[in-house]
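Residues in the sequence shown are numbered consecutively from 1, following UniProt numbering.
Heads up, the thing below is written out as structure tokens.
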Amino acid sequence: MPCSAPGVSPANVTDADKLQYAAIERIQLKKLTQIAERLRKIQVPTIKKEKLGDLSIALGAQLGVDASPRSPSAVSDTFFLPCDWPLEALEYETWDDRWSWYAHRLRVDPAILLQVPETMSEWFRHCLRRLGRLVPDLWDHYSWPGAIREAIGLRVPCRHFCRPPSHRRRYYESYVQWVMFATVPSAMPHAACLVLDSGTLADDDDDDAILLSEAEAAVALIEFQLADGDYTNHHTKPALVATLLRNQTARLTQAHFDGKQNRLVLRQSRTLDLTGAEPSPDSWTLLRWIASQPVGETRYAVGDSDEEALWDDPAHLTPRISA
1 MPCSAPGVSP ANVTDADKLQ YAAIERIQLK KLTQIAERLR KIQVPTIKKE
51 KLGDLSIALG AQLGVDASPR SPSAVSDTFF LPCDWPLEAL EYETWDDRWS
101 WYAHRLRVDP AILLQVPETM SEWFRHCLRR LGRLVPDLWD HYSWPGAIRE
151 AIGLRVPCRH FCRPPSHRRR YYESYVQWVM FATVPSAMPH AACLVLDSGT
201 LADDDDDDAI LLSEAEAAVA LIEFQLADGD YTNHHTKPAL VATLLRNQTA
251 RLTQAHFDGK QNRLVLRQSR TLDLTGAEPS PDSWTLLRWI ASQPVGETRY
301 AVGDSDEEAL WDDPAHLTPR ISA
């Protein structure tokens, strides 16, 4: 985790550039809105990977989550730099929140759709809040769908599915529990969220589908940033979606809209194992990514309108805390 918020030097953008960037942003927003409408019509909780192309969604290379990116190209590919504190430092700083990990194990009843992800989310929420106090001014945080809408006007995805003939008894649920946006002073267009999903993840080798909730959450965040109007000078509005599931697994999804392909690109991690009497290695991995720093130069280069990226030299990245 960095010791300060990232800084971005303001670009010397001409009026002609601004008009062209605004036109590109409107085109991207229209496309994202179309994708969102198509996703809302889906009445099953998963999407076959072979069908993603029909939705203007592409799967990129797997998101590597087991090592922090160090090269400029790796940073530009992930847009999020996970907290790199030593495990001993993370354990020490979050020790007072360990009760919430033990509590979720006492209350686990897999038959209740969202009980497992909801109770597990408490540990991540408490840890993130504590780490956020140590390294402030990285993210603005908003929790719970109704409160999120009231605070910033964002309608986060909330879904439930019922089997006919009954339309009352739910067999599947998912919703976005909280969202984070890079702070206004940072001038970064990054967004992240935590999704709770009552589904399960299969072994990576056998997984032929993605979760509808993952795609909808990614689209909602990027669409919101495009509509905001404050990030017109940015060719990329990255999003990070962390998903907790009923079988005590999780997955990370990094998303961005690729203007050249005219489609949403998703990069997904391997399945993370969150089981155990104590926080598992994958639990700490997930926490590191949830507590990540927005990085990578997402602005257009001066005079550039063909969406070529300009990435930070690693020497200019915000320094990280070492313990």
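Note that CB positions come from ideal geometry on N, CA and C, so glycine has one too.
Here the structure is a predicted model, which is why all the values come from computation and not from measurement.
Residues of its chain near residue i, where Cβ-Cβ distance is below 7 Å and the 5 sequence neighbours each way are ignored
i, result
"residue 145", "156, 158, 175, 176"
"residue 127", "94, 97, 287"
"residue 148", "142, 154, 156, 179"
"residue 272", "249, 250, 251, 282, 285, 286"
"residue 183", "5, 137, 138, 139, 140"
Which of helix, strand or coil DSSP assigns to residue i
i, result
"residue 65", "coil"
"residue 124", "helix"
"residue 290", "helix"
"residue 41", "coil"
"residue 15", "helix"
"residue 260", "coil"
"residue 237", "coil"
"residue 243", "strand"
"residue 306", "Note that residue 306 scores a pLDDT of 46, beneath 50, so its modelled location is shaky; the value from the coordinates is reported in the next line. In this structure, residue 306 counts as coil in the three-state DSSP scheme."
"residue 24", "helix"
"residue 273", "strand"
"residue 109", "coil"
"residue 248", "coil"
"residue 192", "strand"
"residue 59", "strand"
"residue 94", "coil"
"residue 339", "It is not possible to answer for residue 339, since the shown part of the chain is limited to 1 through 323."
"residue 135", "coil"
"residue 224", "helix"
"residue 77", "helix"
Close Cβ partners of residue i (< 8 Å) along its chain, the five nearest in sequence each way excluded
i, result
"residue 247", "110, 116, 200, 201"
"residue 180", "139, 140, 141, 142, 191, 192, 193"
"residue 170", "113, 160, 161, 162"
When the options are compared against residue i, the one with the closest alpha-carbon
i, options, result
"residue 24", "192, 153, 59, 258", "258"
"residue 296", "178, 77, 128", "77"
"residue 208", "279, 49, 256, 40", "49"
"residue 254", "273, 100, 214", "214"
"residue 186", "298, 22, 55", "298"
"residue 122", "283, 294, 163, 292", "283"
"residue 294", "233, 154, 81", "81"
"residue 266", "281, 211, 231, 280", "211"
"residue 217", "14, 137, 32", "32"
"residue 222", "276, 16, 34", "34"
CB contact below 8 Å: residue i versus chain B
i, result
"residue 141", "Given the protein chain composition of this structure (a single chain), no chain B is represented."
For residue i, the residue or residues it bridges with in DSSP
i, result
"residue 211", "46"
"residue 253", "241, 268"
"residue 85", "None; residue 85 has no bridge partner."
"residue 140", "181"
Sequence-distant residues of its chain with Cβ nearer than 6 Å to residue i (five each side left out)
i, result
"residue 10", "The pLDDT assigned to residue 10 is 48, lower than 50, so where the model puts this residue is not dependable; a value taken from the coordinates is nonetheless given after this. There are no such residues."
"residue 232", "21, 22, 25"
"residue 239", "191, 218, 221, 222, 255"
Residue i beta carbon near the ligand ADP (any heavy atom closer than 7 Å)
i, result
"residue 27", "Absence of the ligand ADP from the depicted structure is noted, as is the absence of any ligand whatsoever, leaving it without description."
Is the region 190 to 202 close to the region 236 to 248, with three or more CB pairs under 8 Å?
Touching, per the Cβ criterion.
Does the region 90 to 97 come close enough to the region 111 to 121 that 3 or more CB-CB pairs lie under 8 Å?
No, because fewer than three Cβ pairs between the region 111 to 121 and the region 90 to 97 fall closer than 8 Å, the two stretches do not touch.
Are the region 257 to 271 and the region 178 to 195 touching, with three or more C-beta to C-beta distances below 8 Å?
In short, these stretches do not touch, since the Cβ pair count stays below three.
Indicate whether the contact test is met: 3 or more Cβ pairs, each with one atom in the region 217 to 232 and one in the region 58 to 68, closer than 8 Å.
Three or more beta-carbon pairs separated by less than 8 Å are not found between the region 217 to 232 and the region 58 to 68, which leaves the two stretches without contact.
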